[in-house]
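**Q** All residue numbers for the sequence shown refer to my numbering, where the first residue is 731 and numbers rise by one.
Each residue gets a CB set at the ideal place from its N, CA and C atoms; glycine is no exception.
Since we're looking at a predicted model, the values are computed, not measured.
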Amino acid sequence: MIYALVRPPRLDLEAFARAAGTHPDLVRRLVALGVLDAQRDAAGALWFPPAQLYAMARIQRLRAGFALNYAALGLVVDLLDRIAELEAAQRDRSRTTGTPGGPQWT
């Protein structure tokens, strides 16, 4: 069994909302919609890994740029993540086959 010697860095709800420049109620709503990932402690308090600040910034950019509602943001974020995965797989395939961009469709 492996035990961590230190606690992983994490932010509580108030610190996360302050760092993201948004209201804690909005953060709670995004967690409920599944757009942000958070862990709950034994008392039920939300804790966020610092990397979720990048996710929150992405959500704020999408909301401002495309005027999407918060429910639609979850779908858009999932689709963008899937596109990134597919592009990474395509790059990996082109490295192993040696053809730029993968197979030619002509």
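(1) Contact between the segment 756-768 and the segment 779-789 is defined here as three or more beta-carbon pairs at a separation below 8 Å; is this criterion met?
(2) The beta strand (DSSP E) spanning Leu776 covers which residue range?
(3) Can you name the residues that DSSP bridges to Gln769?
(4) Going by alpha carbons, who is nearest to Phe746 out of Ala762, Met731, Met786 and Ile732?
(5) Just verifying my parser: in three-state terms, what is the DSSP assignment at Leu741?
(6) In whole angstroms, what separates the C-alpha of Val757 from that of Ala794?
**A** On the basis of the coordinates in this document:
(1) yes
(2) Residue 776 sits at position 46 when you count from the first residue of the sequence shown. Segment Leu776 to Phe778, the beta strand (DSSP E) holding Leu776.
(3) As a first step, residue 769 must be located in the sequence shown, where it is residue number 39. Trp777, per the DSSP bridge assignment.
(4) Here residue 746 refers to the residue found at position 16 when the sequence shown is read from its first residue. The shortest Cα separation from Phe746 among Ala762, Met731, Met786 and Ile732 belongs to Met786.
(5) Taking the first residue of the sequence shown as 1, we reach residue 741 at position 11. Three-state result, Leu741: strand.
(6) Here residue 757 refers to the residue found at position 27 when the sequence shown is read from its first residue. Here residue 794 refers to the residue found at position 64 when the sequence shown is read from its first residue. Each residue's Cα considered, the two are about 16 Å apart.
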